[in-house]
Amino acid sequence: MQAMTTEMERRFVEARRTYVRRDFKNLNDRQLEAVLATEGPLLILAGAGSGKTTVLIHRIANLLKYGRASDSEELPEGADEAMLAALEQGGEAGLAAARLYPVEPWRILAITFTNKAAGELKDRLTRMLGEEANDIWACTFHSACVRILRRDAERLGFPSNFTIYDTADSQSLVKHILKDQNLDEKSFAPRMLLAEISRAKDAQIGAARYLKEARASGDIRRIRIGEVYEEYMRRMFAAGAMDFDDLISFTVKLLQENEEVRGYWQRRFRYVLIDEYQDTNHLQYLLSSILAGGSGNICVVGDDDQSIYKFRGATIENILSFESEYKNCRVIRLEQNYRSTGQILDAANSVIRNNLGRKGKELWTNKDRGNPIVLYMADNEHEEAQYVASSILGDYGRGQNWRDHAVLYRMNAQSNQLEYAFKRNGIPYRIVGGTRFFDRAEVKDVLAYLCVIASPSDDLRLNRIINNPPRGIGARSVELAQEIAYREGLSLIEVLRGADRYPELSRAAIRMRQFAALLDELHERAKEITPDQLLDELLEKTGYLRMLEEKNTVEDTARAENVREIKTSILGYQKESGDRTLEGFLADVALYTDLDSYDKDADCVVMMTMHSAKGLEFPTVFIVGMEETIFPGIRAIGEPEEMEEERRLCYVAITRAMRQLHLVCAKQRMIFGRTTSNRVSRFVDEIPESCLQKKNMQRGYGYHERREEPGFAHKAPAVRPPVHAPAPPVKKATPATDFSLGDRVKHKAFGVGKIVKMTPMGGDFLIDVEFDRIGVKKLMLRVAAMNMEKL
DNA sequence: CGCACCACAATTTTT
DNA sequence: TTGTGGTGCG
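Given below as structure tokens:
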């Protein structure tokens, strides 16, 4: 066969690129470029709503189907004119010529931040590529590390079935240590200690070095912290446990220090993709760069403007300095937004423009201008919530779904009034975040049982359950036993087993031995039966469920319900993963969050913090509490860096909205039991006036407006209106109460109905209205009257 | 040992 | 305002 000429080689490469391109017709130019640039380091700056996930999916599809064909000059073996012709023709026949080292799915590592994102990625990949997609590693940093560590944790001295401590576990451990070291929780706040330990781990400073440096500095406080750190690591190690940071830092350590392990993974992964790169910390950066170190094919996707987790150690530097870190890297900006209308994007752009130190990006859209952003000023937090509720009722009446609406706030504490308003108005809602299912005390208790059964040396969890339900082993006895354990170098359960041998335990010794025997028995049973069966046995034999059922209060019934719910979750795991091991379930649970269970399909208004909203979108979004000291939060005021993070948060919140955005503030509000009066958020001022439709706005509260009295905003008692704003007419909250039993009414959202029941309640009435379309609804009359007329 | 009461503090939190 | 954690009593 005649070798191809240079000219033909050029044509071949060109034709091949065109061939591959045909598979991705539905992408825009920038997206396409990002999909085709498979080789070497690549930074994709993906603005909000720019089709980032689509790009990731197609990029992977490209790798699997064509390998590096779209991004290489290399010709396949035996390239000849016939192949070139087939390519140029563009038919099925060209496929063989177009492929260049197609990638095996298991050579692709795609890392996201949430299980939810990972799950979505997997789903979409499976839908597009079929079963083959199952071999792709699409997971979170943490779950990737768990998989790596399960294989080689022994090299670090950990058992391969190490347990994972969540934040609450870590906190509880720190508290124990503080107590043992006679340190005061006031001056050594566990939260602060953990943050410091986390920072040290991120900087790869081990406890020994931390302590050494602290001693050298002579700073007594740092020495104490170092001692806590050291003890923390010691106990974690003894318990065979790792916290979230450890998962990453030990993986990095393992890879850095062990050439064999490093080589194994580097040879395995040819393509590494990292999503939400702006949220990575230093350690995660290291991990990704090591894992991609074999091939050098690292693709990171992120948006510096959406970095909102600095407080968790994320460093925006990672994304800002990617270009200098990887000298030959390519940068692609995705700026076309497919989500929001023009005015919403204008608002987002002009807010974020006020930040310094960004890569610079401007979102644009083909969509029309859309509706202006509604800016509403409520009298107080009560009315704020009612405004949101009424607006949603109106939309619902016009045919929109509840689920098309999201209410975003800065802090969870703001959700209360909204909840009441939704309840009063009969609006179905759902709160994402807050206390999570797996953070509830009763759930943690039961999981602690399972943990101890799985790994008996887990002293921390054993401590949690040793006298729960009460079995006559008091705090003092536990303390004594724990002391003995330290002294003898045993784990707590070993002391319990041989409790007779320690005279100081005299009184509780029998019960201790009984309890240890029970745990040992369950430990043995765990080898024979499935986790769900074990759970049943455990709840029965420990008397835990009985304890809750006997109490019979509302709370305890709910708790018992939650405990039973764990079974659902175990069964779900067994079904999903096909795995029947207790360890597997526990590892999964440790990395599970509530966000994962957020169900898009239920028709409910969604309430959550702006942080939780990242990555989601809704036709209509309400951002409430648009006031200085709330958003931006008080802690950010006067702190330029923090302020920029708040502004990014604002950018994230605004860009969640597809069609309609409401910004709501209140002239005064009660927060943490105090009434305050704040000016309108500076972020509102950063939005062009032309995008805003002001409702109920009153002068004197603007951020930009000069204050007549110095310090007014901080000192003025809530009740006093600003001097130059005439006192607003006092709005009587009492609505027309001329509704009575049997009335035919027309409600803004629920349509026509009849009042079938009226129950006096707290100076108001709870009414049951039988609506023609949707049946009976319970509403508070006073509130309902605002949205309802008599027929 | 367990419960009741009081003081206190209180962003955000993908794992 | 809410939740939590510590103390003191039965």
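Residue numbers for the first sequence follow this note's numbering, so the first one is 14 and each next one is one higher. Glycine included, C-beta positions come from ideal geometry on N, C-alpha and C.
Pick out whichever of G170, K78, E589 has its Cα sitting closest to the Cα of G143. K78
Alpha carbon of N587 to alpha carbon of F171, nearest angstrom: Per the sequence shown, residue 587 should be read as Gln rather than Asn. Each residue's Cα considered, the two are about 26 Å apart.
CB of A571 within 8 Å of CB of E562, strictly: no
Is it the case that the Cβ atoms of F631 and A670 are separated by a distance below 8 Å? yes
By DSSP, does V313 sit in helix, in strand, or in coil? strand
Straight-line Cα distance separating S320 from R112: 38 Å
R222 to E243, Cα distance in whole Å? 10 Å
Thinking just about the alpha-carbon of each residue, which of I780, G776, H760 is nearest to the one in I768? I780
Take the Cβ of T354 as the centre, count every other Cβ of all protein chains shown within 10 Å, and call the residue buried at 16 or more, exposed below. buried
Bridge partners of W150, per DSSP? L122
DSSP state of H295, grouped into three classes? helix
Please say whether N476 and V459 have beta carbons closer to each other than 8 Å? no
By how many angstroms is the C-alpha of Q279 removed from the C-alpha of G306? 6 Å
In the DSSP assignment, find the beta strand (DSSP E) that holds T176 and state where it starts and stops. 176-178
As assigned by DSSP and simplified to three states, the class of P632: strand
Quick one: using the 10 Å Cβ neighbour count with 16 as the cut-off for buried, is Q706 buried or exposed? exposed
Would a C-beta distance cut-off of 8 Å place M560 and P482 closer than the cut-off? yes
Spatial distance of T378 from A99 (CA atoms): 38 Å
In whole angstroms, what separates the C-alpha of K554 from that of E534? 10 Å
Compare the Cα-Cα distances from R382 to each of R672, Q102, R526 and report the closest residue. R672
Do the region 322-335 and the region 33-40 make contact, defined as three or more Cβ pairs closer than 8 Å? no
Buried versus exposed call for P544 [16 or more other C-beta atoms within 10 Å across all chains shown]: buried
Assign A305 to one of three DSSP states: helix, strand, or coil. coil
What distance in whole Å lies between the Cβ atoms of A82 and V33, which are believed to be in contact at a cut-off of 8 Å? 6 Å
If L421 sits next to A666, beta carbons under 8 Å apart, how far is it from one beta carbon to the other, in whole angstroms? 5 Å
Enumerated in chain order, which unbroken segments of the beta strand (DSSP E) with a length of 3 residues or greater are wholly contained in the region 403-480? 418-422, 442-444
Could you tell me the boundaries of the alpha helix (DSSP H) in which G239 lies? 233-252
Could you tell me whether the Cβ atoms of Y409 and C617 are closer together than 8 Å? no
Leaving aside the five residues before and after V364 along the sequence, list all residues of the same chain whose C-beta is less than 8 Å from its C-beta, in chain order. R660, C663, Y664, I667, F696, E699, I700
Here's the rule: buried if 16 or more other CB atoms are within 10 angstroms of the residue's CB, otherwise exposed. What is Y264? The amino acid at residue 264 is misidentified as Tyr; the sequence shows Thr. Per the 10 Å Cβ criterion, buried.
On the DSSP bridge list, what partners appear for W377? Q349
Is H760 helix, strand or coil by DSSP? strand
Please give me, in chain order, every unbroken run of the alpha helix (DSSP H) with length at least 4 that falls completely inside the region 18-73. 19-34, 42-49
Contact between the region 427-439 and the region 789-797 is defined here as three or more beta-carbon pairs at a separation below 8 Å; is this criterion met? yes
Please identify the residue among N350, A47, V677 whose C-alpha is closest to the C-alpha of G62. N350
Given A28 as reference, the closest of Q102, G487, L406, S404 once Cα atoms are compared: Q102
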